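Participant: All residue numbers for the sequence shown refer to the numbering used here, where the first residue is 9 and numbers rise by one.
Note that CB positions come from ideal geometry on N, CA and C, so glycine has one too.
Computed from a predicted model, the values in this text were never measured in an experiment.
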Amino acid sequence: MNNEEALASLAALAQQTRLDVFRLLVKAGEAGMLAGEIGESLGVRQNTMSANLTVLHNANMVRNERQGRSIRYFVNTESMRGLLGFLLEDCCGGRPELCQPMINEITQPCC
């Protein structure tokens with residue numbers, strides 16, 4: 009991940025509804041959620057939810073999959089791991105051996 013990608017990811021998450029959507033999709037895991045289910049869970053109107061999902065998708069924080077007339081959304085775990093790794097890559101004041109185990113754990117696939 010580079011600076012531009014990290015800024016886009018952080019900007020997408022720097023809004024209450026989008027952060028709520030992202031966290032909800034993290035909880036949903038591999039099953040993901042339909043766009044309508046996300047809106048209902050968070051009490052957000054369809055057009056507002058659509059705009060927020062588009063921002064998250066454009067920042068590569070979520071991915072989607074068409075299922076008939078509906079769209080199912082999933083957290084983009086690769087992007088999430090990339091962002092966390094990027095944020096932590098220079099930690100520990102020049103002593104990477106102190107935090108490398110944590111970085112390795114965070115950036116490994118969870119499933």
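Within a Cβ cutoff of 6 Å, which residues of the same chain sit near L96, ignoring the five residues on either side of it in sequence?
Facilitator: The residues are I111.
Participant: Here's the rule: buried if 16 or more other CB atoms are within 10 angstroms of the residue's CB, otherwise exposed. What is A19?
Facilitator: The residue is exposed, with fewer than 16 neighbouring Cβ atoms inside 10 Å.
Participant: For E40, count neighbouring C-beta atoms within 10 Å of its own C-beta (all shown protein chains included) and say buried if the count is 16 or more, exposed if not.
Facilitator: A small correction: the amino acid at residue 40 is Gly; Glu does not occupy that position in the sequence shown. Classification for G40: buried.
Participant: How is the beta strand (DSSP E) around E73 delimited, first residue to last?
Facilitator: Counting along the chain, the beta strand (DSSP E) containing E73 begins and ends at 70-75.
Participant: I need the boundaries of the beta strand (DSSP E) containing V83, first residue and last residue.
Facilitator: Residues 78-83.
Participant: Which complete alpha helix (DSSP H) runs does the region 13-75 hold, if anything under 4 residues is left out?
Facilitator: For the region 13-75, whole alpha helix (DSSP H) runs of length 4 or above, ordered along the chain, are 24-36, 43-50, 54-66.
Participant: Going by C-alpha distance, which of K35, R53, T56 is nearest V83?
Facilitator: Closest by alpha carbon: K35.
Participant: Taking C-beta to C-beta, are L42 and S78 nearer than 7 Å?
Facilitator: Yes, the Cβ-Cβ distance between L42 and S78 is below 7 Å.
Participant: Count the other CB atoms, across all protein chains shown, that sit within 10 Å of the CB of S17; report buried if there are 16 or more and exposed otherwise.
Facilitator: By the neighbour-count rule (16 or more Cβ atoms within 10 Å), S17 is buried.
Participant: Tell me whether the beta-carbon of S87 lies closer than 7 Å to the beta-carbon of N72.
Facilitator: Contact flag unset, no.
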